[in-house]
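**Q**
Protein chains: 2
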Amino acid sequence: MRTGPSQEEVRRQNLGALLRYVHIHGPTSRAELTSELGLNRSTIGALTADLAGAGLVTEAAPRETGRAGRPSLVVRPESERVYAYAFSIEVDQLRAARVGLGGEVLDHRADDRPAGLPAAEAVPLLAEFVKDLQQAVPDTAVYVGGGVSVSRMMRRADGKAGLSGGTDSAAVAEPLGAVLNAELGAERPLVMGNAADVAALAEHARGAAVGCDNVIYLHRDAGVDAGIIVGGRRLTGYAGQGGQVGHMVVLPGGRPCSCGSRGCWETEIGDRALLNAAGRDGDGGRGAALAVVDAASRGDASAQAAVRQVGDWLGFGLANLINIFDPEMVIFGGTLRDVYLAAAAQVRSRLNSMALTAAREHVRLRTPQLGEDAALIGAAELAFERLLADPLSS
Amino acid sequence: MRTGPSQEEVRRQNLGALLRYVHIHGPTSRAELTSELGLNRSTIGALTADLAGAGLVTEAAPRETGRAGRPSLVVRPESERVYAYAFSIEVDQLRAARVGLGGEVLDHRADDRPAGLPAAEAVPLLAEFVKDLQQAVPDTAVYVGGGVSVSRMMRRADGKAGLSGGTDSAAVAEPLGAVLNAELGAERPLVMGNAADVAALAEHARGAAVGCDNVIYLHRDAGVDAGIIVGGRRLTGYAGQGGQVGHMVVLPGGRPCSCGSRGCWETEIGDRALLNAAGRDGDGGRGAALAVVDAASRGDASAQAAVRQVGDWLGFGLANLINIFDPEMVIFGGTLRDVYLAAAAQVRSRLNSMALTAAREHVRLRTPQLGEDAALIGAAELAFERLLADPLSS
Chain A
1 MRTGPSQEEV RRQNLGALLR YVHIHGPTSR AELTSELGLN RSTIGALTAD LAGAGLVTEA
61 APRETGRAGR PSLVVRPESE RVYAYAFSIE VDQLRAARVG LGGEVLDHRA DDRPAGLPAA
121 EAVPLLAEFV KDLQQAVPDT AVYVGGGVSV SRMMRRADGK AGLSGGTDSA AVAEPLGAVL
181 NAELGAERPL VMGNAADVAA LAEHARGAAV GCDNVIYLHR DAGVDAGIIV GGRRLTGYAG
241 QGGQVGHMVV LPGGRPCSCG SRGCWETEIG DRALLNAAGR DGDGGRGAAL AVVDAASRGD
301 ASAQAAVRQV GDWLGFGLAN LINIFDPEMV IFGGTLRDVY LAAAAQVRSR LNSMALTAAR
361 EHVRLRTPQL GEDAALIGAA ELAFERLLAD PLSS
Chain B
1001 MRTGPSQEEV RRQNLGALLR YVHIHGPTSR AELTSELGLN RSTIGALTAD LAGAGLVTEA
1061 APRETGRAGR PSLVVRPESE RVYAYAFSIE VDQLRAARVG LGGEVLDHRA DDRPAGLPAA
1121 EAVPLLAEFV KDLQQAVPDT AVYVGGGVSV SRMMRRADGK AGLSGGTDSA AVAEPLGAVL
1181 NAELGAERPL VMGNAADVAA LAEHARGAAV GCDNVIYLHR DAGVDAGIIV GGRRLTGYAG
1241 QGGQVGHMVV LPGGRPCSCG SRGCWETEIG DRALLNAAGR DGDGGRGAAL AVVDAASRGD
1301 ASAQAAVRQV GDWLGFGLAN LINIFDPEMV IFGGTLRDVY LAAAAQVRSR LNSMALTAAR
1361 EHVRLRTPQL GEDAALIGAA ELAFERLLAD PLSS
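Here the protein sequences come in this chain order: A and B.
At position 375 of the first sequence the residue is numbered 375 (the numbering used here), and the sequence of numbers has no breaks.
In short: position in the second sequence from 1, add 1000, done, that's the numbering used here.
Structure representation (structure tokens):
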């Protein structure tokens, strides 16, 4: 049961709306904020003063506008001063970044993730990154929280990738949160998200899907996963397990999957499927998969056939998702980006024969705009969400 | 970009929250409203007075409580006086009802839908229902709007069911809205929803899924569809076409489907599939399908085999949806209710082998609580949503 907001909540929502606007759109004049937020000038002035008092924004006269009259002051997020830590625990690498309010990556560190290393055991390595990054932080800077992107997949000691078991997120949250709080001397929440959701969030906030409220971001990180945005909000599911589209069965009795089932979509569009179809060693991973796409572009017939076959299955499963979700946009992430670009005709052909016209005709197929940074930018967004919900609470 | 609410919006939200509470929960004491809505006593008193002044609720002393002290006044929705019209355009029947605030069906009419009749041509028949129903309406009653549930399927002139083309909803909205406004002398919005969404909404508000925010309602009305609730809100998709799970392909190269594709889930769990599997005429429809389930319960071996086969495919596709959505509850509607009850072991077995443990272990499988009334109750909810969003606007 939703209850109505109090006076204090109204102010908090307005503060959050203003701060979110400059966080997403960058420096903005008071005049534009007045019209974009639907609040009057005196309210904008009071809110800005509160946010400036808390050190979250600054105000300054704009550069020469060339127009007569007193120019509207420009409100800027304190991007160098207010920051979050963002972490990305991927199948084969570990990354940490300091990200400023406004979404800029200010500094970052990365290293390989040793095969077989559980996510929880990555915490000491991430803690070293933080200690290192922290040395360059100005004394006046304000830490607002941390966000973590965790892959649902891990590379096992035998070099093969598999589901990490679904408990990594919880196993990381507590020790990494404790490290951050001890290192930074602040009790700040650490927000966890799976890698697909985080990448979708980043593309929705700052990338290809800005302004789209129904988005499927197909994610590849050893396995196939999706970050799904429904009506403007992330689909998380009841237990945070939503979006595991790679384990939609597309071929009954098909190849065995790492999840224990058979014929999962992942077994037909994963890197291993592409490599097998091209007659290559299936354990080569991302680089080997991209080499197949590259060989296809140079005319290698068996590589071309493999790319077409995987593209066909990519369109097959995607048609199902389009019928289920009626999205406005689909984004192909990871190696699926390259497969899609090389086999767009196969993908389109499957959509034309399998997806319902009314759901298909408006869908836009896109590749990511943010590249490798998406995980860090999205993880930082998880942390900034808390600040934006209640800017003056801390 | 979300902006903060004004004073007036705060009041509107509080009025909506109070009215929604008694609309869903029925007569409620002021004391309970105070604690449930998190507002103080004087605010509850003022809001109740406003709603009573608008004729939406009444207040009265409760029946004998047996406790000492002055009893808290009880706030009741004006269920006999404030009403919506609800319509249901199904494959084989047309229904209309007058539904009171609080969700009670006050009066209703129904008739067969002639085979081949497009939804738009049902409007004159529904208009007759309204004229008839209207004769019993007290002079003091207040009409607040109408809601329509439209099946995405229609029964063609040859007796077979197929997709109606996706434009029925728009083709009905305008003429039916005009009829209602002319008949009732009021400019009220007519809200359209597809039958699966509407049934899900009804079960979520007043049926099996009360309190569950992640729900898949599998709907059967000649075809297979789903009403899906994600994070407490209906999944509609970009163009209102979301939820068409019946056209998820589960068997590549399988049987031809009415949508033009092959091997859709609908071709394996539809009434026709059940009838074919039992060696019976596939065009028998709902009654014939239920007869197969009945025969299976009485020991008919071929009917038992057919039910097991369809139950197996029901679990197969559902496992995919559980991996994608991570729902808290799945509800089996229409003839899928009977198939599920007769083949729960097959469904469970498929979920155990195909659905990911972390998404499967908490999901509750249920049958609908509201029966035939779900379409009318859900359609009325569509209309009441407008009233609850802004109770005093009209």
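Yeah, the Cβ is synthetic: ideal placement off N, Cα and C, and Gly gets one too.
Please read these numbers as outputs of a predicted model, since none were measured by experiment.
Please go through the same chain and pick out, in chain order, the residues whose beta-carbon is closer than 6 Å to the beta-carbon of B:Q1007, but skip the five residues on each side of it.
**A** Hits under 6 Å: none found.
**Q** So, for B:T1003: in the same chain, excluding its five sequence neighbours on each side, which residues have a beta-carbon less than 6 Å away from its beta-carbon?
**A** Unreliable placement is indicated for B:T1003, whose pLDDT of 48 sits below 50; no coordinate value is reported for it.
**Q** Taking 7 Å as the limit between beta carbons, can you name the residues of its chain near B:E1104, skipping five residues before and five after?
**A** Result list for B:E1104: S1079, in chain order.
**Q** Comparing the CB of A:G378 with every heavy atom of the ligand ZN, is any distance shorter than 8 Å?
**A** Summarising the ligand content, the structure contains no ligands, and the ligand ZN is consequently not present.
**Q** Can you list the beta strand (DSSP E) stretches of 3 or more residues lying completely in the stretch 1361-1391 of chain B, in chain order?
**A** 1364-1366, all fully within the stretch 1361-1391 of chain B.
**Q** Taking 8 Å as the threshold, find out whether the stretch 336-346 of chain A comes into contact with the stretch 287-297 of chain A through three or more Cβ pairs.
**A** Counting Cβ pairs under 8 Å, three or more are found: they touch.
**Q** Considering only DSSP beta bridges, list what A:G227 is partnered with.
**A** Paired residue(s): A:Y217.
**Q** How many Å lie between A:D326 and A:E361 at the Cα?
**A** So the two alpha carbons sit approximately 10 Å from each other.
**Q** Is the beta carbon of B:A1084 closer than 9 Å to that of B:L1101?
**A** Their beta carbons are under 9 Å apart, which means B:L1101 touches B:A1084 by this criterion.
**Q** I want to verify the contact list: residues of chain A whose CB lies under 9 Å from the CB of B:R1233, in sequence order.
**A** The contacting residues are V230, G231 and R233.
**Q** Would A:E187 be called buried (16 or more neighbouring beta carbons within 10 Å of its own) or exposed?
**A** Burial call: exposed.
**Q** Given that B:S1261 touches chain A, what residues does it touch there, using C-beta distances under 7 Å?
**A** Simply S353 and M354.
**Q** Between A:R220 and B:Q1309, what straight-line distance do the alpha-carbon atoms span, to the nearest angstrom?
**A** If I take the Cα positions, the gap works out to 34 Å.
**Q** To the nearest angstrom, how far is it from the Cα of A:D132 to the Cα of B:R1348?
**A** In a straight line, the C-alpha of A:D132 is about 51 Å away from that of B:R1348.
**Q** Answer with yes or no whether the minimum CB distance from B:A1319 to chain A is below 9 Å.
**A** Yes, because at least one Cβ of chain A sits closer than 9 Å to the Cβ of B:A1319.
**Q** Give the range of the alpha helix (DSSP H) segment to which B:S1302 is assigned.
**A** Element bounds for B:S1302: A1301 to F1325.
**Q** How many Å lie between A:L218 and A:N320 at the Cα?
**A** If I take the Cα positions, the gap works out to 13 Å.
**Q** Indicate whether B:L1180 and B:F1129 have their beta-carbon atoms separated by less than 9 Å.
**A** No.
**Q** So what does DSSP say about A:L15, is it helix, strand or coil?
**A** Of the three classes helix, strand and coil, the one that applies to A:L15 here is helix, per DSSP.
**Q** Under a Cβ-count criterion, where at least 16 other Cβ atoms within 10 Å of its own Cβ denotes burial, should A:P368 be classed as buried or exposed?
**A** It is buried - the Cβ of A:P368 has at least 16 other Cβ atoms within 10 Å.
**Q** Using only the alpha-carbon positions, how far apart do B:A1343 and B:T1335 sit?
**A** Each residue's alpha carbon lies about 12 Å from the other.
**Q** Are the stretch 267-276 of chain A and the stretch 301-315 of chain A touching by the rule of at least three beta carbon pairs closer than 8 Å?
**A** The stretch 267-276 of chain A is in contact with the stretch 301-315 of chain A.
**Q** Please state whether DSSP places A:Y397 in a helix, a strand or coil.
**A** Residue 397 of chain A is absent from the model: chain A starts at 1 and stops at 394.
**Q** Nearest by alpha-carbon distance to B:A1305: which of B:F1316, B:R1234 and B:V1293 is it?
**A** Selected option, being the one with the closest Cα: B:V1293.
**Q** Could you compute how far the alpha carbon of A:L314 sits from the alpha carbon of A:A355?
**A** Their Cα atoms are separated by approximately 13 Å.
**Q** Assuming A:I324 and B:M1248 make a contact with CB atoms under 8 Å, what is their CB distance in whole Å?
**A** Between B:M1248 and A:I324 the Cβ distance is about 6 Å, and since that is below 8 Å, they are a contact.
**Q** Can you confirm whether the stretch 14-22 of chain A touches the stretch 1010-1022 of chain B when touching is taken to mean that 3 or more C-beta pairs between the two stretches lie within less than 8 Å?
**A** No contact exists between the stretch 1010-1022 of chain B and the stretch 14-22 of chain A.
**Q** Could you tell me which residues DSSP pairs with B:C1212 in its beta bridges?
**A** Bridge partners of B:C1212: none, in fact.
**Q** Take A:Q113 as the anchor and find which of A:L387, A:V150, A:L392 and A:A49 has the nearest alpha-carbon.
**A** According to the sequence shown, residue 113 of chain A is Arg rather than Gln. Answer by Cα proximity: A:V150.
**Q** Below 8 Å on the Cβ atoms is my contact criterion, and I expect B:G1015 with B:L1037 to pass it. Report the Cβ-Cβ distance as a whole number of Å.
**A** Residue 1015 of chain B is actually Leu in this sequence, not Gly. So it is not a contact: roughly 11 Å between Cβ atoms.
**Q** May I ask you to list, following chain order, the residues of the stretch 1328-1355 of chain B that have a beta carbon less than 7 Å from some beta carbon of chain A?
**A** Answer set for the stretch 1328-1355 of chain B: E1328, S1353 and M1354.
**Q** Quick one: what does DSSP say A:G287 is sitting in, helix, strand or coil?
**A** In this structure, A:G287 counts as helix in the three-state DSSP scheme.
**Q** Report the option in B:A1171, B:S1035, B:V1137 and B:I1322 whose CA atom is closest to the CA atom of B:V1148.
**A** Cα-wise, what sits closest to B:V1148 is B:A1171.
**Q** For B:L1336, write down the residues that DSSP places opposite it in a beta bridge.
**A** B:L1336 pairs with nothing; no bridge assigned.
**Q** Quick one: measure Cβ to Cβ for B:A1383 and B:G1145, integer angstroms, because I've assumed they're closer than 8 Å.
**A** Yes, they are in contact, since the Cβ atoms of B:A1383 and B:G1145 sit about 4 Å apart, within 8 Å.
**Q** Give me the residue from B:L1184, B:L1190, B:E1183 and B:G1185 with the minimum Cα distance to B:E1174.
**A** Of the candidates B:L1184, B:L1190, B:E1183 and B:G1185, the one whose C-alpha sits nearest the C-alpha of B:E1174 is B:L1190.
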